[in-house]
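Contents: one structure, followed by commentary.
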Amino acid sequence: MKKKTIASVLSLFMAAALLLSGCGGTPTSSGSQTQSQGGTAAQDQWINVNASLPLNYDPASGSSSIDLSIVFNVYDTLVFTEIDGTVIPHVATDWEVSPDGLTYTFHIRDDITFHDGSKLEASDVAFSMNRALTIGEGLAYLWDGYVDYAEATDPTTVVFHMKSTYAVFVSTLVRLAVLNEELVMANVDTSDTTYGDKYDYGKKWLSTHDAGSGPYMTKEISVTDYVTCERFDDYWMEWEANAPKGFTVRAINEAATIRTMMSNGELSITDEWQTQDTLNALGELDGVDVTNMYTGVVMCMEMNTKKAPTDDIHFRKALAYLFDYETAYTYIYAGTKKAGGPVSTAYQGSIADELNTYSYNVEKAKEELAKSKYANNLGDYALELHYSADVKDEEDLALILQSAAAELGIKINITATPFATLIAEAATPETTAHITIMAPSDSYSEAGSVLKLHYHSSTAGTFTQFEWLLDEELDRMIDTALAESNYDLRMEMYAQAQKYLDELCPTIWVIEQPEQRGYQSGTFYWPEAEAEVNAPIMGRSLYFRTIQFYD
Amino acid sequence: MGKTERKTRTLTRGQARMDKVKRSWYRFSRNKMSVVGLVGVIFVVLVAIFQDVLAPYPEHAQAYTNYAAMKLAPCAEYLFGTDGTGRDVLSRVIFSFRNALIMGVGVICVAAPIGVVFGLLAGYYKGKWISTVIMRVVDIFLSLPSLVLALAVSALFSPTLFHSMMAITFSWWAWYARLVYGSAASVRNEYFVKSAELIGASRAHIILREILPNCWSTILTKMTMDMGVVILMGSTLSFVGLGAQPPQPDLGTMIADGYKLLPECWWLTIFPALAIMLIVLAFNLFGDGISDMLNSKEA
Amino acid sequence: MSGAKYIVRRLLWSLVVLFGLSILIFCIARIIPGDTATMALGSTATEEAKELYRETHHLNDPFIKQYAYWITDALQGNFGESTQTKQPVVEDIKTFLPATLELILFAAILEIVGGIGLGVACARRAGGVLDNSIRVVSYLGIATPSYVWAIFFMLIFCYWVPVLPTIGRISASVAAPASITGFYLIDSLLTGNFTAFWDVLKHLVMPGTALALTGIAQSARITRSSMLDNMSKDFVGAEISSGIPMRKVMWQYVLRPSAAPSVSIIALDIAAMLGNAFVVEQVFSYPGVSKYCLNAILNKDLNAIVGVVMVIGVSFLVVNILVDIISAFLDPRNRL
């Protein structure tokens, strides 16, 4: 009976295998077929990228790294940055600040045309800023509370009126995509009066169209599946002959597919969320390299300072000494480096290299624990540690801390939490977990941007701050630094704030996480990928215009 | 069913009981697969009880990391290999049995009583408005595949074993209500219910003492048959990330993590998958046997 | 006559049930913790922007009022906007539903043909190799979650013997057929695009089989036993002895009455596929409505959850009513 059964199962499986392989034919091959969305082969000079979609295509509301990358390629901005983060003129040729720091005047180029052929004028810049302020989504927080309004005084002059001084204002303008006012307003949805006489401010139309003047123009888009953009031949900057003719971003997330597509060249650059296992496999492919771009991201374990027992400074320090950093940067994020403090070395004004206070040291952890007011009743507390369910490698970080803490009698419960839930939890100190793993990303290249976004009281309750510091002294330090127009003084103030934070220890600064993407290094030259330190500006690394295909 | 006892009154109580057990065992074991199922269930329960003794590395089921030994293929030291954190897969599979059982038993022990109460009420008051209301609510709960409803409900809570049990229970009780409603409604018009009503027995007495005993075999059969289904559903919720959290070992979660490392680390997927198949198959076969035992007529 | 009346009554009750379902799901969606405005606009949105969103989406109104707004819109075919895709949920469903329906129909065909065909084969050689294999597979099938089948298939046919594509609905290198019905298989046939047809078919084989496998084995078992029952009936012996060819007897006099129980099992399976598709689509990253809904659940995208669940509820009810009608047609004993 038994033998018979086993034989039957085997024969059935074999039959099934034969059946299926018979009708299978060859595995999906590429290349020979011409496809609708640009080519795949290198001679097409086309860049194919995968990403997590849906896209938020309106520059006033997009905030994911792929949204922001596309903005850099489809729109122009007043200023731009070099790979290392240096701010350079772009649409603006030069600018002045009034002595009181409350008026910025920008003079702009007169040789730029939008994709529809109309001319880019100062009024378009003013419109874009006012629209971003009104809508208040995406990266508008950069200007909210600082910028009052913008106006064009003549076709090549735009003036920004400030509510308060804002020393880093020019750096933040790398985030202001210039929209074609006439085109946007011609396409508003008049049935929607959310914004009064501006109707929907063109939000609906812009979610599937572009109104830019950037090096690439939108050809086909489906926000959930893909977007294809092709070269804008009348772009105001020179085109190199071997620059990409266009790019396609597709929603592909499965490691297996990404590996296959990279090995047969169907994919040019991967997204930055691949696990270390996939990256290792990609690195072994011929003609494929994995980037190691340090773009200022620090992987943080953010401790809720308003909840027992992480409200105790010594308890927090004990945890910081308990974390095995070496395992993190050798096994989990292999080849990365330890973070020295709150601000990554990629930022101007970072003193992370000098600080580097916390390292794996169980003795010190015990000492700090003994000093904490919870030393005698550790058993009463179970710490909640939440991490983003989409990022598998973070689970390992959680496990490292959990097992080390268990040895000192500290109980940690780990929960993989969907990103949306993390955001919801951040709303109040009570709902925020004791520890949340997060890697906040930033928008302009000075240390002040991290300090403000991650530690200022105004950001408590958002996904950029789970610490709930609400520290007035620190707020004052950050605010005065951001208002200080003297560069050296400002840097000095940033340093003070970082030392203050390091002593407060609200966060375990785990590692500096490089942006790691697989790319076809044998096919094209990608300047950003070759640079060790990149501008800490999310989305900036995927700038296609300066990529050069090899002959 | 209960009426057959009278015939055996002449025997002593002990003999009668022995006799009954023997007959039940005969009905159960007529199908050899049921016996296999019983052995399987006993095995699963024993493993769940003695997990600490059986697992070669019990500490690997708790907070433990050993990255130096990660992703080792099955070998003498680690029979099922190790996972991406360097933990022994065999130990984690063994430890996950208890959660699977808790999931099955927990859901059924909560869903069944709730469903039975509503089913009895609806069956007893058949034709009255209360019955209509109950059965329409039941219809609403059954108008979606249970898995879909459980998924939607589990979005309400943070993901834990307990919460996914609640979510499944929420979508499961209605099946019992419908089942019991059917048998209660048919028993309701039997002569012994009518006569109990005539002699003025209370409603509670009629429902609990007269109607319920006649639904027992249906309920018990459904309960044993459901064990496997509920465990499967629980593993599916864990598979999509709505179940037990790390480092708690859970078969669905282990498969979800493991299949991303296919084909190299096949052991991370295959062994937990086989374990689920073992548990569920054992309960299904056992359930078949119970159903034969309770429902077959005198041989 | 009474049949028609019955169907009308069933349909009316179904409307009541759908109304109840909408309340249930709406309740669930609204008590999901978290601020909808924050999720829709991103956590960096300014407070004014969030307040504006709450105002325009009636989120500050009492629950009953919110439901009233929602049901009024829903009756006009408007389920609101998805916070994930920023598109109307109805548009998203239109985009993703055909893929899921195509997958489920494909699985259903596999199950009907495979289940009944294998059942007949088993009945003809009861106790043979095939019969025993089917028995084992049916036991294993019920004990194995469909995502495990999906993963096993993936391991075998994508990695060990790479003959089938791993994920998706169509290869990136193949242009999708022009949309006529939304079903790629039909569209590609209509437009004569056989490359696409072949590619789509290959993409359907694994998820389709993973969904149908359990059902195939079970319906084969049921077909087999009811056929064996009917074959032992006297009239069949009489037919055979009267010289009617065996084949004809099997199909005409045995299979049709035997099919009724199989058909109801198959139909129930198809309804269950609506649930199982959630995980199978996830494993194969198949761009269907279930994957869309699962993402909505994980990201608390309220309008999308409510919209998709309502659509699934409607399909589920329709399938259940169809089951009753078909089984009444096949076997007059199950009069409606």
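Protein chains in written order, with the numbering used here: chain A, 993 to 1543; chain B, 293 to 591; chain C, 51 to 386.
Heads up, the beta-carbon is just placed ideally off N, CA and C, and yes, glycines get one too.
Quantities reported herein were computed from a predicted structural model and do not represent experimental measurements.
| Item | Value |
| --- | --- |
| Counting pairs of Cβ atoms below 8 Å between the region 434-444 of chain B and the region 522-531 of chain B, do you hit three or more? | yes |
| Going along chain B in order, which residues have a C-beta closer than 7 Å to the C-beta of G363 (chain C)? | S435 and L436 |
| Residues in the region 1045-1057 of chain A with C-beta within 8 Å of chain C's C-beta atoms, listed in sequence order? | P1046, N1048, S1053 and S1055 |
| So, under 8 Å CB-CB, L554 (chain B) and T545 (chain B) are touching, yes? Tell me the CB distance rounded to an integer number of Å. | Incorrect: roughly 16 Å between the Cβ atoms, too far for contact. |
| Quick one: grab the DSSP three-state call for G165 (chain C). | helix |
| Quick one: which chain B residues come within Cβ less than 9 Å of I320 (chain C)? | None at all; the shortest Cβ gap to chain B is about 11 Å. |
| Quick one: which chain C residues come within Cβ less than 8 Å of R322 (chain B)? | Chain C residues near R322 (chain B): none, gap ~17 Å exceeds 8 Å. |
| Consult DSSP for A1523 (chain A) and reduce its assignment to one of helix, strand or coil. | coil |
| Since Y1191 (chain A) and P1334 (chain A) are thought to touch, with beta carbons under 8 Å apart, how far apart are those beta carbons, to the nearest angstrom? | Incorrect: roughly 43 Å between the Cβ atoms, too far for contact. |
| Could you tell me the alpha carbon to alpha carbon distance between K252 (chain C) and F334 (chain C), rounded to whole angstroms? | 12 Å |
| With a cut-off of 7 Å, does the C-beta of Q537 (chain B) fall near any C-beta of chain A? | yes |
| Compute the Euclidean distance between the alpha carbons of C208 (chain C) and M1253 (chain A), then round it to the nearest angstrom. | 14 Å |
| Cutting at 7 Å between CB atoms, please list the residues of its own chain near R962 (chain A), excluding the five before and the five after it. | Since the first residue shown for chain A is 993 and the last is 1543, residue 962 (chain A) is missing from the structure and cannot be characterised. |
| Could you check whether the Cβ of A1248 (chain A) sits closer than 7 Å to any Cβ belonging to chain C? | yes |
| To be precise: take each residue of the region 1210-1231 of chain A, compare its Cβ to all Cβ atoms of chain C, and keep it if any distance is under 7 Å. Which residues remain? | V1215 and T1216 |
| Cβ closer than 8 Å: which chain A residues qualify as neighbours of D111 (chain C)? | The contacting residues do not exist; D111 (chain C) stays about 17 Å from chain A at best. |
| In chain A, which residues lie with their C-beta within 9 Å of the C-beta of K350 (chain C)? | P1410, A1412, T1413 and A1416 |
| Within the 7 Å Cβ cut-off, does L412 (chain B) reach chain C? | no |
| Using a Cβ-Cβ cut-off of 8 Å (strictly less than) and excluding sequence neighbours within five positions of Y117 (chain C), which residues of its own chain qualify? | I73 and F76 |
| Judging by CA-CA distance, which residue of B:T357, B:T513, B:F563 and B:I334 is the nearest neighbour of F372 (chain B)? | B:F563 |
| Under DSSP, the beta strand (DSSP E) around T1292 (chain A) begins and ends at which residues? | The amino acid at residue 1292 (chain A) is misidentified as Thr; the sequence shows Cys. That run of the beta strand (DSSP E) goes M1285 to M1295. |
| Threshold first: 4 residues or longer. Then list the alpha helix (DSSP H) segments lying entirely within the region 194-264 of chain C, N to C. | 196-204 and 234-240 |
| For E1387 (chain A) and chain B, any beta-carbon pair shorter than 7 Å? | yes |
| For I347 (chain C), count neighbouring C-beta atoms within 10 Å of its own C-beta (all shown protein chains included) and say buried if the count is 16 or more, exposed if not. | buried |
| Quick one: what does DSSP say E1129 (chain A) is sitting in, helix, strand or coil? | coil |
| Between the region 336-355 of chain C and the region 287-303 of chain C, do at least 3 Cβ pairs fall closer than 8 Å? | no |
| Please confirm if I1503 (chain A) has its CB atom under 7 Å from at least one CB of chain B. | no |
| Short of 8 Å in beta carbon distance, which residues of its chain neighbour I220 (chain C), apart from the five on each side in sequence? Order them along the chain. | A226, Y234, A246, D249, V250 and H253 |
| Taking the alpha helix (DSSP H) that E98 (chain C) falls in, what are its first and last residues? | E97 to T106 |
| I want to verify the contact list: residues of chain A whose CB lies under 9 Å from the CB of Y349 (chain B), in sequence order. | By Cβ distance, chain A contributes nothing, its closest Cβ being about 13 Å from Y349 (chain B), past 9 Å. |
| Measuring CB to CB, does P257 (chain C) end up less than 7 Å from V330 (chain C)? | yes |
| Kindly indicate the opening and closing residues of the alpha helix (DSSP H) around Q1268 (chain A). | Q1268 to G1275 |
| Kindly list, in the order they appear in chain C, the residues whose Cβ is closer than 8 Å to that of G520 (chain B). | I192 and A193 |
| If you reduce the DSSP assignment to three classes, tell me which class L1461 (chain A) lands in. | coil |
| The beta strand (DSSP E) spanning T1240 (chain A) covers which residue range? | G1238 to A1243 |
| Quick one: using the 10 Å Cβ neighbour count with 16 as the cut-off for buried, is P1051 (chain A) buried or exposed? | buried |
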